[in-house]
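Note sheet for the following structure.
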Amino acid sequence: MLYYIFRFLEQYDIPGAHIWSYISFRSLLALILSLLISAWFGEYFIKWMKRRNISETARDPNIDPFGVEKKGVPTMGGIIIIVAILIPVLLLGRMRNIYLILMVITTLWLGFLGFMDDYIKIFRKNKEGLKGIYKIIGQVSIGFIVGLTLWLSPDAVVRENISEAQQNKEIVIKHKSEAVKSLQTTIPFIKNHNLNYSNVMSFLGKYKVAAGWVLFVIMTIIVVTAVSNGANLNDGMDGMCAGNSAIIGVALLIFAYVSSHIVYAAYFDIMYIPHSEELVVFLSAFIGAMVGFLWYNAYPAQVFMGDTGSLTIGGIIGVCALIIHKELMLPLLCGIFFVESLSVIIQTQWFKWQKRKGRRVRVFRATPIHDTFRRLDSQLDPTSTYILKGWPHRPFHESKITIRFWITTIILAAIAIITLKVR
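Residue numbers (our numbering): 2 to 424.
So this is what it looks like as structure tokens:
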């Protein structure tokens, strides 16, 4: 809104109006504004929730040994995050931009899905929340919409990078003059680092391009669903998911910025994505909202984000990576989310397999994996055998676990950024 107002005023030589055309100015303003909104609105939201006694259902002490301290803490804090993201974006972003529209739709869609889950848990006293099948349908639906839009929208195009050898044998990276629909995506650590989905489907001959787009839509659905659920599983300790997501957001912001700048895109030998600079504004608001939310969510938490926040956060990360053609970097960048999800899958499937043989055997002391580090020996199921019962040797306080997970995410994000040059 403000972007269009000041661009209009620029025609009349209003002093300072031209500054709104700079992505750096709008991004920094979005970051500051989102941080202030989350900090200010968060205080009123927490007081409002406490007055109405709207809090998370008491946690099982066998899962969370610190759960007694958290009784009566309000949940649905994801509303704070969503408000702190959308207001700066609506004020400072170019809302006719297809990528920004997709990010806003993703935020609202998954925010509503998470809100319904929290609503059922709190007001209907059903700890299971929204049925899993409905969650999956919601995640698959938004993944399908995003994938189909990136396929069919004439605005979702790229200028592919090409290498040219000069007379002095120096390799210079340039970009094609024409923006086109592209099925290429970046593979980390590989010299010729672009993978084309249509090449994967080359066995279909003349139908390989159409099949490649179908594969891309399927990939979009998988990415959005997986990252959204990974963030949801990571949200089990005070400040854990918000801190990890802020770090991931910084890495994505760097990727989005260099992808939207033709000079930097050429320097790093990556695809130039016209108009993707609006993602920098969105991600700046995202990072500000995460940091502002940590003001209240850091240990000891005054508010939990609930599924309203965690499902939305994961969806935002997944969709943003897809838009800038960096989805294959997510297992590295979102390594913590990946390990959390993998630990649950291993634990569940191994236990079911052993149970069919008449044995009760578990791999980890608890899952998601962060619960393993705080589980006391007295809280283990005496009827079960644990393969990794002696790991870790002693339980840790959740604040230490959270900070160590943040450090791990910082390392993974740094490695992901390094992949721009290391191949």
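All C-beta atoms in this analysis are idealised placements derived from N, C-alpha and C, irrespective of residue type, glycine included.
* How many Å lie between valine 281 and leucine 254 at the Cα? -> Put simply, the backbone Cα of valine 281 is about 6 Å away from that of leucine 254.
* Alpha carbon to alpha carbon, how far is glycine 213 from valine 201? Give it in angstroms, no decimals. => 7 Å
* Asked: Where does glutamate 179 land, buried or exposed, given buried means 16+ other C-beta within 10 angstroms?
  -> exposed
* **Continuous alpha helix (DSSP H) stretch holding asparagine 233: start and end** => 209–235
* Can you round the beta-carbon distance between isoleucine 388 and valine 364 to whole angstroms, since I take them to be within the 8 Å contact cut? -> 5 Å
* Asked: Quick one, are the C-beta atoms of alanine 227 and serine 246 less than 8 Å apart?
  -> It is not a contact, given that the beta carbons lie outside the stated cut-off.
* To do: Answer yes if the region 319–337 comes into contact with the region 175–195, meaning at least three C-beta pairs across the two stretches below 8 Å, and no otherwise.
  => yes
* Asked: Comparing the CB of lysine 51 with every heavy atom of the ligand SAH, is any distance shorter than 7 Å?
  -> Here there are no bound small molecules, and the ligand SAH is not part of this structure.
* Taking C-alpha atoms, which residue in Phe305, Thr150 and Val251 lies nearest to leucine 32? -> Of all alpha-carbon atoms in Phe305, Thr150 and Val251, the one lying nearest the alpha-carbon of leucine 32 is that of Val251.
* Check glutamine 12 in the structure and name its three-state DSSP category. => coil
* Label serine 199 either buried or exposed according to how many other C-beta atoms from any shown protein chain fall within 10 Å of its C-beta, with 16 as the threshold for buried. => buried
* 7 Å CB neighbourhood of isoleucine 418 in its chain, flanking five on each side removed -> Cβ-Cβ distances below 7 Å link isoleucine 418 to Ala252 and Ile255 in the same chain, with the five nearest sequence neighbours on each side left out; the list follows chain order.
* Asked: Below 8 Å between beta carbons: does that hold for isoleucine 99 and alanine 290?
  -> no
* **Top-ranked residue by Cα proximity to phenylalanine 283, from Ala267, Arg27, Phe9 and Tyr23** => Arg27
* Asked: Cα separation between valine 69 and cysteine 321?
  -> Residue confidence for valine 69 is low, a pLDDT of 49 falling below 50, so the modelled location carries little weight and cannot support an answer.
* State the beta-bridge partners of threonine 186 as determined by DSSP. => DSSP output for threonine 186 lists Leu196 as bridge partner(s).
* Just tell me which of Pro369, Asp236 and Ser260 has its CA closest to the CA of valine 345. => Pro369
* **N- and C-terminal bounds of the alpha helix (DSSP H) containing isoleucine 1** => Only positions 2 to 424 of the chain appear in the structure, and residue 1 is not among them; the question remains open.
* Whose C-beta lies closer than 6 Å to the C-beta of glutamate 278 among residues of the same chain, with five residues either side of it excluded? -> Ile24 and Ser261
* Enumerate in chain order the residues of its own chain whose CB-to-CB distance from phenylalanine 116 is below 6 Å, with the five nearest sequence positions on each side excluded. => Cβ within range, chain order: Thr309.
* Asked: Any idea if tryptophan 21 is buried or exposed, counting beta-carbon neighbours within 10 angstroms, 16 or more meaning buried?
  -> Sixteen is the threshold: when 16 or more other Cβ atoms of the shown chains lie within 10 Å of the Cβ of tryptophan 21, as they do, the residue is buried.
* Nearest to isoleucine 249 by alpha carbon, out of Ile263, Asp118, Phe287 and Val147? -> Phe287
* Asked: What are the start and end residues of each continuous alpha helix (DSSP H) run of 4 or more residues lying completely inside the region 23–52, in chain order?
  -> 24–52
* **The alpha helix (DSSP H) enclosing glycine 289, as first and last residue numbers** => 279–298
* **Cut-off 6 Å between Cβ atoms - residues of its own chain near isoleucine 121, not counting five sequence neighbours on either side** => In chain order, Asn127, Gly130 and Leu131 place their CB closer than 6 Å to the CB of isoleucine 121, counting only its own chain and leaving out the 5 sequence neighbours on each side.
* Asked: Rounded to a whole number of angstroms, what is the C-alpha to C-alpha distance between cysteine 242 and serine 39?
  -> 16 Å
* Cβ-based burial, leucine 205 [other Cβ within 10 Å; buried from 16] -> exposed
* Could you tell me which residues DSSP puts in a beta bridge with histidine 176? => Asn162
* **alpha helix (DSSP H) runs wholly inside the region 349–410, at least 4 long, in chain order** => 370–373
* **Rounded distance between the beta-carbons of phenylalanine 406 and isoleucine 337, thought under 8 Å** => Yes, they are in contact, since the Cβ atoms of isoleucine 337 and phenylalanine 406 sit about 6 Å apart, within 8 Å.
* Measure the Cβ-Cβ separation of alanine 367 and arginine 376 and say whether it is below 8 Å. => yes
* If we count the other Cβ atoms within 10 Å of its Cβ and call it buried at 16 or more, is tryptophan 49 buried or exposed? -> exposed
* To do: Thinking threonine 221 and glycine 148 are a contact (beta carbons under 8 Å), I'd like their distance in whole angstroms, please.
  => 3 Å
* To do: Just the C-alpha distance for tyrosine 13 and isoleucine 314, rounded to the nearest angstrom, thanks.
  => 40 Å
* To do: Determine the burial state of phenylalanine 124: buried for a count of at least 16 other Cβ atoms within 10 Å of its Cβ, exposed for fewer.
  => So phenylalanine 124 ends up on the exposed side.
* **Closest Cα partner of lysine 72 within the set Phe339, Pro301 and Ser311** => Pro301
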